[in-house]
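Under numbering that gives the first Met the number 0, think of the first position of the sequence shown as 0, with each following residue one higher.
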Amino acid sequence: MARLRTAVLISGRGSNLQALIDACAARDFPAEIVLVVSNRANAQGLERAARARIPTRVFSHGDFATRDAFDSAINRALKDAGIELICLAGFMRVLGDAFVVAWRDRLINIHPSLLPQFPGLDTHTRALAACVERHGCTVHFVRHAVDSGPIIVQGSVPVLPNDTADTLAARVFAVEHRAYPLAVRLIAEGRVRVLDDNVEIDGRPGPVRLDAA
Ligand code: GRF
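Spelled out as structure tokens, the structure:
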């Protein structure tokens, strides 16, 4: 069985990259990571990729005169590697419209909130301030607007009375590390369709929900 040729784009720690590497280590997982791209040469995730013997490329955004030039360089590397699916995993640069359109429905992101709640940064602090009962993560197809797009998987966790942003983040990370491999599996198995900018999974309205007790 041909495995879906996947690239992961990172900027930092790479714990979601690690979760995907670990998932892909199973022989029956339907995707493989063939390239890791970082915009930071010192991203810890690059070491994770090296340990797993996955080729890496670094494109430092400061080396490019324009965002288009930066996006084009990454686009070329992805094409050269025969990439079929791109996973953004803590990639802290906004990709331009041309890139997003070119990879429509083959470009996904993980965000640490239950979108449409809390797009943007500092999601855990904002979730605590809003006194929500549940918080979590979202894996979605990327569209023009940041942290928007058809949702494939959402993973939720309870918010506990004494939570700090750090304790809540740790709980959300645990569900992120289940949600991202699940979303990649569903796509690689051909079970995900985007219709009118909504996701169908196995012909039924999505998203898939992982709700931790
Ligand atoms: C995660 O919280 C992810 O949801 C967000 O950036 C963070 C990346 O963490 N987009 P890591 O680099 O995967 O550890």
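Backbone N, C-alpha and C define an ideal beta-carbon position, used for all residues, glycine too.
Residue nearest to ALA180 in terms of C-alpha spacing, selected from LEU84, ALA68, LEU127, ASP79: It should be noted that the sequence gives Pro, not Ala, for residue 180. Nearest C-alpha to PRO180: LEU84.
Compute every distance between the C-beta of ALA88 and the non-hydrogen atoms of the ligand GRF, then say whether any falls below 7 Å. yes
Go to GLN116, then tell me how far its beta strand (DSSP E) extends in each direction, as first and last residue. From DSSP, GLN116 is part of no beta strand (DSSP E); its letter is neither H nor E.
Below 7 Å, is the gap between the Cβ of PRO54 and the nearest heavy atom of the ligand GRF? no
Taking the straight line between their C-alpha atoms, what separation do you get for ARG47 and ALA126? ARG47 and ALA126: Cα-Cα distance of roughly 30 Å.
Does the count of Cβ pairs from the segment 107 to 115 and the segment 59 to 79 closer than 8 Å reach three? no
Within a Cβ cutoff of 8 Å, which residues of the same chain sit near ASP70, ignoring the five residues on either side of it in sequence? Correct list, in chain order: LEU94, GLY95, ALA97, PHE98.
Under 8 Å, do ALA88 and GLY148 count as touching if we go by C-beta distance? Their beta carbons are not under 8 Å apart, which means ALA88 does not touch GLY148 by this criterion.
Alpha carbon of ALA178 to alpha carbon of GLY61, nearest angstrom: 32 Å
Taking the CB atoms as reference points, tell me whether ILE53 and ILE32 lie closer together than 8 Å. yes
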